[in-house]
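The end of the sequence shown is residue 161 by my numbering, with every number in the run present.
Even glycine gets a Cβ: it sits at the ideal position worked out from N, Cα and C.
As the structure is a prediction and not an experimental result, all values here were calculated from the model.
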Amino acid sequence: KHLINTQSIEKMKKGVILVNTARGGLIDTKALINALKSGHVAGAGLDVYENEHKYFFNDFSSTIIDDDILIQLISYPNVILTAHQAFLTQEALCSIAKVTFENIYTFFTTGKPLNKPKL
Numbered sequence: 043k044h045l046i047n048t049q050s051i052e053k054m055k056k057g058v059i060l061v062n063t064a065r066g067g068l069i070d071t072k073a074l075i076n077a078l079k080s081g082h083v084a085g086a087g088l089d090v091y092e093n094e095h096k097y098f099f100n101d102f103s104s105t106i107i108d109d110d111i112l113i114q115l116i117s118y119p120n121v122i123l124t125a126h127q128a129f130l131t132q133e134a135l136c137s138i139a140k141v142t143f144e145n146i147y148t149f150f151t152t153g154k155p156l157n158k159p160k161l
């Protein structure tokens with residue numbers, strides 16, 4: 043958690059643009075905000091947020107968001123935050139559909155799943 047934090051940001055070249063499409067917990071959001079405020083980080087493109095489970099994939103259009111860190115983060119004009127949708131490409135969706143159909147076909151022809159889930 044927080045591989046990108048105050049110490050690692052300080053080692054980055056001034057004016058860096060951070061992009062995170064992996065996991066929200068990789069970036070310490072408070073450290074990112076401080077770096078944006080100071081100008082050390084020039085901008086951020088984020089498809090994830092460390093507390094996204096509370097907000098992403100839910101409709102908050104008529105609700106007040108009470109996450110001060112999120113509110114501060116999205117107030118920056120040089121920050122783009124999307125709702126964990128970087129996977130939403132034609133290639134990714136085709137791959138998901140292919141694997142799903144292969145699993146269904148294999149299960150109904152052999153009685154066993156192709157990919158056994160690890161629980």
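Anticipated Cβ contact below 8 Å, residue i with residue j, distance rounded
i	j	result
Ile-59	Ala-84	5 Å
Asp-109	Asn-93	6 Å
Leu-45	Leu-68	5 Å
Tyr-234	Gly-57	Residue 234 lies beyond the stretch modelled for the chain, which goes from 43 to 161, so this question has no answer here.
Paired residues, beta bridge with residue i - DSSP
i	result
Leu-88	Asn-62 and Leu-123
Ile-69	Ile-46
Continuous alpha helix (DSSP H) stretch holding residue i: start and end
i	result
Phe-150	132-152
Ile-116	110-116
Candidates the options, of which the one nearest residue i by Cα
i	options	result
Leu-123	Thr-152, Asn-62, Glu-52 and Thr-105	Asn-62
Ile-75	Asn-47, Gln-127 and Asn-157	Asn-47
Tyr-118	Lys-43, Ala-139 and Ala-86	Ala-86
Gln-127	Pro-155, Glu-52 and Ala-64	Ala-64
Lys-72	Lys-55, Ser-104 and Gln-49	Gln-49
Gly-81	Lys-55, Ile-106, Thr-152 and Thr-151	Lys-55
Ala-125	Pro-159, Phe-102, Lys-53 and Ala-139	Phe-102
- Message: Measuring CB atoms only, is the stretch 143-151 touching the stretch 103-118, in the sense that at least three cross pairs come out at less than 8 Å?
- Response: Per the Cβ contact rule, the stretch 143-151 is not in contact with the stretch 103-118 (fewer than 3 Cβ pairs under 8 Å).
- Query: Are three or more beta carbon pairs between the stretch 130-137 and the stretch 88-102 nearer than 8 Å?
  - Reply: Segment contact: the stretch 130-137 against the stretch 88-102, fewer than three CB-CB distances shorter than 8 Å; contact not assigned.
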